[in-house]
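Note that my numbering has the sequence shown beginning at 1214, numbered continuously upward.
Backbone N, C-alpha and C fix where the C-beta goes; we use that ideal spot for every residue, glycine too.
Read through the structure below, which is laid out as C-alpha cells, and then see the notes.
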Amino acid sequence: SQPSKPSEAQYAKPNKVSRSPTGPGKGVDQLDSMLGTLQSDMSKQGVNTSPKGHCTACNKPIVGQVVTALGKTWHKEHFVCGHCQQELGTKNFFERDGVPYCETDYHNIFSPKCAYCNAAILGKCITALEKTWHPEHFFCTQCGKQFGEEGFHEKDGKPYCRDDFLEMFALKCAGCNRPITENYISAMNSQWHPNCFACRDCRQPFNGGSFFEHEGLPYCELHYHAKRGSLCAGCHKPISGRCVTAMSRKFHPEHFVCSFCLKQLNKGTFKEQNDKPYCHPCFEKLFA
C-alpha cells in the first residue's frame, strides 16, 4: 500500500510538572504534600495544573509537555518510532496500524523494494515480473538501455529489450544466422527463414520443396551433382543411372562419343587428345 501522508506531532507548552503517587510510604506522603502545596500555590496564581490526559504509552497522567498525534496523547519522551524507539520530536512521521514510525524505518519496513538495488522505492514505481523497480533501474539485463514503448521480453525472470532477447534466445536461421521471428522451415535438423532455404550455389528456391543435401547444406539437383562430381561431362546434366568414367570425368553412356564423328564409344576403348575422346579411326585420321 502507499504510505500515508506524513503527519506532524502537535505540542502543548508545559504549565507545570507533577507526578502521580507511587504508592504508600512516608517518602511518598512527603512528596505528595510538597506537590500539593506547589499545586495550590500555582492555582492561586491562575495556573492550570490539571492533567492533560493519559499517555498512550505508559497510561500515566500528562501534566507537562504533551504530544497530540494519531488522535491520542503522549508524553514527549514516549512518542517514539515503533521500530528504532527514537523520539520523533517535531519530525514528520508515518503511521501503520496505529503505530508511529520515523520516515527511515517506515520506508525500510513497509515501502516496496527495488528488485535491482534493493533500496526502498519512495517515488514512482514500476511493477513488472511480479517485482517492483525504480523507473531508472528497470532496464535491459544485457545492454542496460531503458525500455521504450515496445516494452520488454522476459527470460528466466530477467527483462530484455527486443533486440537482445532475439539475439540471445530466439531461433537462428541456418542460412543467415539471424533471429527467426515469424514463419520458418525446419530441414536437416535446423531452422530457416523461408527465403533463406535455397540452393547454396544458385540461391534458387526449391521447386516442390525437394532438395539434395551435401555436407549439411541444401542444393538443387544440378548443383548437388556438381558438388559430387556426378554431372555428365557431355550434356552437363545429372547422372542418376549407369555412367562411364573416363578422363577423370563422368558421362552418360550415350554421351560418351567421339569428339569428331560423334559415334558412341560404347566398347570402352578410345584415344585421348587435348582432353577429348576419339574413336580409333578418327584419331588415326586426325593425328597420325
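CA-to-CA distance, residue j to residue i, given in whole angstroms
i            : j            : result
residue 1234 : residue 1273 : Residue confidence is low: residue 1234 scores 32 on pLDDT, short of 50, so the model does not pin down where it sits. No coordinate-derived value is stated.
residue 1376 : residue 1405 : 19 Å
residue 1396 : residue 1474 : 56 Å
residue 1428 : residue 1436 : 13 Å
residue 1433 : residue 1408 : 15 Å
residue 1490 : residue 1454 : 22 Å
residue 1338 : residue 1321 : 15 Å
residue 1270 : residue 1349 : 42 Å
residue 1470 : residue 1487 : 15 Å
residue 1415 : residue 1355 : 38 Å
residue 1176 : residue 1389 : Lying before the first or after the last residue shown, residue 1176 is absent from the chain, which here runs from 1214 to 1501.
residue 1481 : residue 1448 : 19 Å
residue 1459 : residue 1394 : 50 Å
residue 1422 : residue 1374 : 36 Å
residue 1418 : residue 1424 : 9 Å
residue 1208 : residue 1278 : The structure shown does not extend to residue 1208, since the chain is modelled only from 1214 to 1501, so the question has no answer here.
residue 1476 : residue 1467 : 9 Å
residue 1241 : residue 1302 : At residue 1241 the pLDDT is 40, less than 50, meaning the model places this residue with poor confidence and gives no usable figure here.
Nearest residue (CA-CA) to residue i, options the options
i            : options                : result
residue 1331 : 1313, 1315, 1314, 1351 : 1351
residue 1426 : 1406, 1400, 1343, 1267 : 1400
residue 1341 : 1477, 1424, 1360, 1335 : 1360
residue 1299 : 1313, 1309, 1308       : 1313
residue 1328 : 1450, 1390, 1339, 1346 : 1346
residue 1442 : 1383, 1480, 1461       : 1461
residue 1387 : 1367, 1369, 1412       : 1412
residue 1335 : 1343, 1289, 1476, 1307 : 1307
Rounded distance between the beta-carbons of residue j and residue i, thought under 8 Å
i            : j            : result
residue 1286 : residue 1265 : 7 Å
residue 1297 : residue 1318 : 5 Å
residue 1456 : residue 1478 : At roughly 13 Å, the Cβ-Cβ gap does not stay under 8 Å, so residue 1456 and residue 1478 are not in contact.
residue 1392 : residue 1410 : With a Cβ gap of about 16 Å, residue 1392 and residue 1410 do not count as contacting.
residue 1268 : residue 1294 : The pair is not a contact, with the Cβ atoms about 16 Å apart (cut-off 8 Å).
Classification of residue i by the beta-carbon crowding that lies within 10 angstroms, buried from 16 upward
i            : result
residue 1280 : buried
residue 1445 : buried
residue 1499 : exposed
residue 1232 : Bear in mind that the predicted position of residue 1232 carries a pLDDT of just 30, short of 50, making it too unreliable to give a figure here.
Distance cut-off 8 Å: residue i Cβ against heavy atoms of the ligand GDP
i            : result
residue 1465 : Here there are no bound small molecules, and the ligand GDP is not part of this structure.
Within-9 Å CB hit, residue i to chain B
i            : result
residue 1315 : The structure shown contains no chain B, having only a single protein chain.
At what residue ranges does the stretch 1304-1351 contain a whole run of the beta strand (DSSP E), taking only runs of 3 or more?
1305-1309, 1312-1315, 1339-1341, 1344-1346
Just list the beta strand (DSSP E) runs in the stretch 1401-1434, keeping only unbroken ones of 3 residues or longer that don't cross its boundaries, in chain order.
1403-1405, 1425-1427, 1430-1432
Within the stretch 1354-1386, note down every full beta strand (DSSP E) run reaching 3 residues or more, in order along the chain.
1366-1368, 1371-1373
Whole runs of the beta strand (DSSP E) within the stretch 1265-1300, excluding any shorter than 3 residues
1279-1282, 1285-1288
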